[in-house]
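Enquirer: In this note's numbering, the protein residues as written are 801 to 1619. This is the structure I have questions about; it appears just below.
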DNA sequence: GACTGAACTATACC
DNA sequence: ACGGGTATAGTTCAGTC
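The following block contains the structure:
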């Protein structure tokens, strides 16, 4: 039997004590294919130096005899081979110890505590990762496979019986079809549920929507006066769940996609199914979803990849996004230009018959948005999966460190490297005690309104330093050596060999692929080329964070400290060089430098850039970020020093770039944010403060006359941990408690909204005046003037020597006099 | 009881 | 626990006079 095959979902099972993979995928005809395969299972024992041939022979003999009878199965060492390998770049002699079952490698490693063995490695990768590395059956790549058809046979304990696939093949041969572009259009089904209570399983599921390319359905037992065509009525919640399963099975998607569905929709369905004593048998083998334990639930369905698209967006894109929250509404707005349907959710008992049609539509559209978001990010997910070589299920849930680490693990073989182990819990606590390393340098600006500014920045600074200076855990030298890359840090002077290490080499590969992908995208801008560029960008930008992350296999505080020391050095050196040429540097943060170009022409600045670049080592590169007509820097609140990380620029093409100001912070009320935004824009465009001052006076007047709507004064603050863990009772904690009393569901991550009301008695603390947005009350004019408006504008006008405090307070006294 | 600095908290920048 | 450090700023809390 021969067919094409694109692997999608990976699973494994034991048969006669051995491990077998069960991979579900599709062939070119769109048929669902399952392949059964196995691979050698082994771990590495790194031998001590200077062992004699005889000693090695004796060790091999000893190890070959290891037999274990644990967890109800027999496992043994089946073969031992001697190999010349590398571990952390150093040549080592290592024994490749083959055993029966991957899950027993740990126990075998425990038996290897003998003096000739220095280290034991390679048994903590997970069987699927081990299998993919070993057999190179990579996810989402296209193969031509050969094997025996299994047709409800009893082979492998009848694994294919009751498995809903078109073909089940015992794999014999697989050939990667390299040159053919994989045209793989997966079947996607998005879903979303509506319930009467947000606590998992507590309320009833009122309806569930299912949306795929040519399918739209809302299943509900809550009837309206008229039934839209996409709605299907069922008798009750039990039937709703059964109907849901029926449709999922009928459509049989490759991906079942939800938004926050790991934490809500899927566990909810499971809990309600349990309550009604029915099985949520969504798996291709009729199994129920399985949930991982831990803080973050993840729901796995066998054969169908369950994807919580929120998780992927959060990990890979949140840092580049404008949205203030990751709610479906905001994320859809940013990426799709579409929003949720307006509908105010109430408990079903409070809904009138006429409301239900809107509720159906709302529910349906949430699935539409979820589907569209998946489509939007599918090219990215595909790229990440192909590059990192971990299954889609994991790629969409891994954090950045796991993505980087997986990439490294899947590429060690070409360096003949034995993988490093995960840190033990002792190592983890030690690493946490290491404390932080000194970070980047930020130039203290002199407050003012400047004209004609140029901004340079280093291209992917940390990444290019790692590559150019060959920095990593394994290239760090124990002793000083000549002709090395060295750097002084607070933790001592560190030396790195110039012989390329595997981590900097792999990073260089990613970096070059990113460059290619980026130019590809520029030549031919489309979602596919953009996704390639994005994936390499995110991956390469995360490597420095990975090295400094205490949970990393290739963690190195020395390497991390060195990278940051180089970051400071290159930035400061460049500032000096720019100043030497007679320019005034006004600001810089980590990898950027802003300076005044005075009367010089742009061409002269570009030649300065060229000069600076000529002196930079390796692949390091300084770029022109842009030319700016005007720029505004202010003092800190204390009013003495220039504030770092707070500035605004007006580019030549009249675009405004605002950084750090209250305008861009979501924990300030809209009024203060909008006012500041207007003022900054006006000042940058006009070059003076006159109009802005009038605008400020007008707003102050309006607030005193209570002409500002309360919505403009709502302060939004996120709960970062459970309420009980707060040591200080802050305003937003008080508001959260009020919400809790009102039975509004809250938890870590909830954006708490409140306003500050007038005090009826002498209430000094802000928290005593906190009210929820729909609580009646008058807002506190004094608070908003002094704690929101004034701080937002004070240091801006200070640049023009205008004392805003007098303007605000002076008028206030007059108004108070009126009372 | 008013004042003040430290601690706690959130959020931004790169 | 699931990249990192640097920085600003508000509010509460605890200690001082």
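Don't be surprised by glycine CBs; every beta carbon is placed ideally from N, CA and C. Nothing here was measured: the structure is a model prediction, and the numbers come from that model.
Would you kindly work out how many angstroms separate the C-alpha atoms of residue 1357 and residue 1345, rounded to a whole number?
Expert: If you take the alpha carbons of residue 1357 and residue 1345, they lie about 11 Å apart.
Enquirer: Name, in chain order, the residues that DSSP records as bridge partners for residue 812.
Expert: Bridge partners of residue 812: 821.
Enquirer: Would you call residue 1462 buried or exposed, if buried means 16 or more other Cβ atoms sit within 10 Å of its Cβ?
Expert: Buried.
Enquirer: Which residues in the same chain have their Cβ closer than 6 Å to the Cβ of residue 1607, if we skip the five residues on either side of it in sequence?
Expert: Closer than 6 Å at the Cβ level, and outside the excluded window around residue 1607, lies no residue.
Enquirer: With a Cβ-Cβ cutoff of 8 Å, do residue 1033 and residue 1021 count as a contact?
Expert: Yes, they are a contact pair.
Enquirer: Tell me which same chain residues have a C-beta within less than 8 Å of the C-beta of residue 1441, skipping the five on either side of it?
Expert: 1244 and 1435, listed in sequence order.
Enquirer: Can you give the beta carbon distance from residue 1635 to residue 1457, rounded, assuming they're within the 8 Å contact cut?
Expert: There is no way to answer for residue 1635, as the model of the chain reaches only from 801 to 1619.
Enquirer: Which of helix, strand or coil does DSSP assign to residue 874?
Expert: Residue 874: strand per DSSP, three-state reduction.
Enquirer: Going by C-alpha distance, which of 1085, 1355, 1121 and 1186 is nearest residue 1201?
Expert: When each option's Cα is compared against that of residue 1201, the closest is 1355.
Enquirer: By DSSP's criteria, residue 844 is part of a beta bridge. Which residues make up the other side?
Expert: Partner(s): 896 and 921.
Enquirer: Counting C-beta neighbours from all protein chains within 10 Å, is the total for residue 1529 16 or more, i.e. buried, or is it exposed?
Expert: Exposed is the call here.
Enquirer: Taking all protein chains shown into account, do 16 or more other C-beta atoms lie within 10 angstroms of the C-beta of residue 993, making it buried, or fewer, making it exposed?
Expert: Residue 993 comes out buried.
Enquirer: What are the start and end residues of each continuous beta strand (DSSP E) run of 3 or more residues lying completely inside the stretch 1471-1528, in chain order?
Expert: With a minimum length of 3 residues, the continuous beta strand (DSSP E) runs that stay inside the stretch 1471-1528 are 1515-1518.
Enquirer: Can you grab the Cα-Cα spacing for the pair residue 1600 / residue 1426, in whole Å?
Expert: For residue 1600 and residue 1426, the distance between alpha carbons rounds to 26 Å.
Enquirer: Identify, in the order they occur along the chain, each residue of the same chain with its Cβ nearer than 8 Å to the Cβ of residue 1333, setting aside the five sequence neighbours on each side.
Expert: Excluding sequence neighbours, residue 1333 sits near 1314, 1317, 1318, 1320 and 1321.
Enquirer: Would you kindly work out how many angstroms separate the C-alpha atoms of residue 943 and residue 1190, rounded to a whole number?
Expert: Taking the straight line from one Cα to the other gives about 16 Å.
Enquirer: Assuming residue 888 and residue 1220 are in contact, meaning their beta carbons sit under 8 Å apart, how far apart are those beta carbons, in whole angstroms?
Expert: With 8 Å as the limit, residue 888 and residue 1220 qualify as a contact, their Cβ atoms being about 7 Å apart.
Enquirer: Among 1275, 1540, 1480 and 1091, which one has its Cα closest to the Cα of residue 1595?
Expert: Answer by Cα proximity: 1480.
Enquirer: Please state whether DSSP places residue 802 in a helix, a strand or coil.
Expert: Note: residue 802 maps to strand in three-state DSSP.
Enquirer: Tell me whether residue 1120 is buried or exposed, calling it buried when 16 or more other Cβ atoms sit within 10 Å of its Cβ.
Expert: Exposed: under 16 other Cβ atoms inside 10 Å.
Enquirer: Closer than 8 Å by C-beta to residue 1072: which residues in its own chain qualify, once you throw out the five before and the five after it? Chain order, please.
Expert: These residues qualify, in order along the chain: 1001, 1004, 1005, 1037 and 1041.
Enquirer: Hey, how far is the Cα of residue 1338 from the Cα of residue 1183?
Expert: Cα to Cα, the separation comes out at about 11 Å.
Enquirer: Between residue 893 and the rest of its own chain, which residues show a CB-CB distance below 6 Å, the 5 nearest in sequence each way excluded?
Expert: Excluding residues within five positions, the ones whose Cβ falls inside 6 Å are 847.
Enquirer: Starting from residue 1257 and walking both ways along the alpha helix (DSSP H), at which residues does that stretch end?
Expert: No alpha helix (DSSP H) holds residue 1257; the beta strand (DSSP E) holding it covers 1248-1258.
Enquirer: Buried or exposed for residue 902, please, with buried defined as at least 16 other CB atoms from any protein chain shown within 10 angstroms of its CB.
Expert: Answer is buried; the Cβ neighbour count reaches 16.
Enquirer: Please work out which residues of its chain come closer than 6 Å, Cβ to Cβ, to residue 1343, disregarding the five sequence neighbours upstream and downstream, and give them in chain order.
Expert: Excluding positions up to five away in sequence, the list reads 1204 and 1307.
Enquirer: Along the chain, which unbroken stretches of the beta strand (DSSP E) at least 3 residues long are found entirely within the stretch 991-1071?
Expert: With a minimum length of 3 residues, the continuous beta strand (DSSP E) runs that stay inside the stretch 991-1071 are 1005-1012, 1015-1020, 1031-1033 and 1055-1058.
Enquirer: For residue 1447, list the residues DSSP reports as bridge partners.
Expert: The partner list for residue 1447 (beta bridge, DSSP) reads 1433 and 1459.
Enquirer: Only counting the same chain, and skipping five residues up and downstream in sequence, which positions put a Cβ closer than 7 Å to that of residue 1491?
Expert: Correct list, in chain order: 1482.
Enquirer: Tell me the DSSP secondary structure of residue 967 in three-state form.
Expert: In this structure, residue 967 counts as strand in the three-state DSSP scheme.
Enquirer: I'd like the ranges of any alpha helix (DSSP H) spanning at least 4 consecutive residues and lying wholly in the stretch 1098-1174.
Expert: Complete alpha helix (DSSP H) runs here, min 4: 1109-1116 and 1128-1136.
Enquirer: What first and last residue would you give for the alpha helix (DSSP H) that runs through residue 1266?
Expert: That run of the alpha helix (DSSP H) goes 1261-1269.
Enquirer: Please classify residue 1145: is it buried, with 16 or more other beta-carbons within 10 angstroms of its beta-carbon, or exposed?
Expert: By the 10 Å Cβ count, residue 1145 comes out exposed.
Enquirer: From this set, 945, 899, 1349 and 836, which residue's C-alpha is nearest residue 958's C-alpha?
Expert: Per the Cα distances, 836.
Enquirer: Tell me the residue span of the beta strand (DSSP E) that contains residue 946.
Expert: First-last of the beta strand (DSSP E) with residue 946: 943-949.
Enquirer: According to DSSP, simplified to helix, strand and coil, what is residue 883?
Expert: In this structure, residue 883 counts as strand in the three-state DSSP scheme.
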